[in-house]
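Asks: Counting from 944, one number per residue, gives the positions in the sequence shown under this note's numbering.
The beta carbon of each residue, even a glycine, is placed where N, CA and C say it ideally should be.
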Amino acid sequence: MGIIHRLRVFLASRKLFRNWLSAGIRYYLIKHGLIDGNITARFRCGGERVYVLSPWVYWPIVSAYYDDLLSGLDCGDLVYLVLNYGGFRVRLHIDSAAFLGDIVRENFLGGAYDDLVVGGRVVVDVGAFVGDSAIYFALRGARSVIAIEPHPSAYTEMLDNIKLNNLEGVIVPVNAGLASRSGKICIENIGVEDTAVTYHRPGDCPITVPAVTLSELISRFSINVNDAVLKMDCEGCEYDVILNDYEHIKMFRELIFEHHSNVNKLLKVLSRDYECNVRGNGIMHCIKK
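1) Which value, in whole angstroms, describes the spacing of the CA atoms of E1049 and E991?
2) Would you give the residue range spanned by the alpha helix (DSSP H) that E991 belongs to?
3) From the DSSP output, in three-state form, read off C1219 for me.
4) Is N1224 close to the ligand FMN? I mean its beta-carbon at under 6 Å from any heavy atom of the ligand.
5) Mapping DSSP to helix, strand and coil, what is E1197?
6) Pick out whichever of D1176, W1002, H1036, W963 has its Cα sitting closest to the Cα of L1021.
7) Would DSSP call I978 helix, strand or coil?
8) Report the rounded CA-to-CA distance for L1016 versus D1010, giving the unit in angstroms.
9) Which of the three DSSP states, helix, strand or coil, is assigned to I1105?
10) Go to Y1079, then tell me how far its alpha helix (DSSP H) extends in each direction, as first and last residue.
11) Starting from L950, trace the alpha helix (DSSP H) both ways and give me its first and last residue.
12) If you drop the 5 nearest sequence neighbours on each side, which residues of the same chain put their C-beta closer than 8 Å to that of Y1189?
13) Only counting the same chain, and skipping five residues up and downstream in sequence, which positions put a Cβ closer than 6 Å to that of S1076?
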């Protein structure tokens, strides 16, 4: 990102913050290690109310606003991020801003899951993160979304975002990690900003959440797998589940997942029962033959 672009983004923050200059200067001092701490912000929609933002929340908000990814903000006891999607007004908890650009560009604008037909169907959303994909599926008409997220911080954010969008009756949150066998899942980083590099592996470690299998999910939620969609974005768990629990994978009519390496190994297994399309963005979409 060039200096001119950064300056333009910085100047755009005038429309968001009353104290845009001091907030922006403080952000850059923190970013370059000259000071520590957070940013005191006065949003224009919040009157004189003072909000304390981490730098990892401040900058994504400013960048998303500059890129027209945000349609606005709601200010109250907390600030809520607002975006418009398909005639719906989606609200997100402010701490979700750390991944706001990825959330909006991948799911709501980027079309990562646009070719899925989810209307009236159950979606098992593995790696639901802060609830963005689950909200997306719900707004597109899914009858129910079983939202699986192992990371405690992301799961807490997801609960807030489900409630903010009045989707408690559609989205069912589950704080667990998907695996080929029951047990525990290791969480190596506790900050929500670290979830993208968390490797969810079974085992013993200081921070764990339950491991849940597809068999357990199907039974617990009475899922009709013949007409269900399985989505996985779980930083590697797709290899464990596809290679070691294919018996339950192949029960689903449609799969879509992010893959991380050795895609041919997965295709060799999936091609027995599915027609798969491997996209350039690391997404594989498979429909039962």
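Replies: Put simply:
1) 34 Å
2) Segment: none, E991 is in no alpha helix (DSSP H) and carries neither H nor E.
3) strand
4) As for the ligand FMN, it is missing from this structure, which has no ligand bound.
5) strand
6) H1036
7) coil
8) 15 Å
9) helix
10) 1075-1082
11) 946-955
12) V1212
13) N1050, D1068
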